[in-house]
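Some notes on the structure that comes next.
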Amino acid sequence: MPFLSCSAVKCIYNEDNYCRKGDILVEGNQAQEACETCCSSFREDEGGMTAKNSAGEPSGKIQVDCTACNCRYNENEKCQAGQIAIAGSSACQCRQTECSTFSKE
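For the sequence shown, the working numbering puts the final residue at 99, and the numbers step up evenly by one.
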């Protein structure tokens, strides 16, 4: 499992740049560069805190499923990078995030 850091601070699963969800999905079937990927697990925190209360503990190591088949780290739709960064510090929806670790094969 990769070590994940996430700057999508408006995501309900984000706590101190770690993810409480336990696993995420990076999408980007036809991606040729990082900006064509996104974290489809992103959910905007609208102040309700419901998901944070029901989600797991924040963790740096989580499973990352990935549909970006052109990425060198994608192996059978699982990310094999040692470290992964999800960008989107001002994101309000998943399409405003990206896997900045994406590297074309």
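From the three backbone atoms N, C-alpha and C, an ideal C-beta is built for every residue, glycine too.
Nothing here was measured: the structure is a model prediction, and the numbers come from that model.
Assuming S94 contacts A79 (C-beta within less than 8 angstroms), just tell me the rounded distance between them. Locating residue 94 in the sequence shown gives position 100, where the first residue counts as 1. Locating residue 79 in the sequence shown gives position 85, where the first residue counts as 1. Their Cβ separation, rounded to whole angstroms, is 5 angstroms, which keeps S94 and A79 in contact under 8 angstroms.
From which residue to which residue does the beta strand (DSSP E) around S(-1) run? The residue labelled residue -1 in the question sits at position 5 within the sequence shown. F(-3) to C0 is the extent of the beta strand (DSSP E) around S(-1).
Under the three-state DSSP convention, the category E69 falls into: Taking the first residue of the sequence shown as position 1, residue 69 is located at position 75. Correct three-state label for E69: strand.
Would DSSP call A81 helix, strand or coil? Your numbering for residue 81 matches position 87 in the sequence shown. A81 carries a strand assignment under DSSP once its states are collapsed to helix, strand and coil.
Output yes or no for whether 8 angstroms exceeds the beta carbon distance between R66 and E99. For the purposes of this step, residue 66 is taken as the residue at position 72 of the sequence shown. For the purposes of this step, residue 99 is taken as the residue at position 105 of the sequence shown. Note that the C-beta distance between R66 and E99 is below 8 angstroms.
Rounded Cβ spacing between Y12 and G54 (contact assumed at less than 8 angstroms): By 1-based counting over the sequence shown, the position of residue 12 is 18. By 1-based counting over the sequence shown, the position of residue 54 is 60. Y12 to G54, Cβ: 6 angstroms. Contact.
Given this structure, state the Cα-to-Cα distance separating S1 from E92, to the nearest angstrom. Counting from one through the sequence shown, the residue named residue 1 turns up at place 7. Counting from one through the sequence shown, the residue named residue 92 turns up at place 98. Cα-Cα distance, rounded: 10 angstroms.
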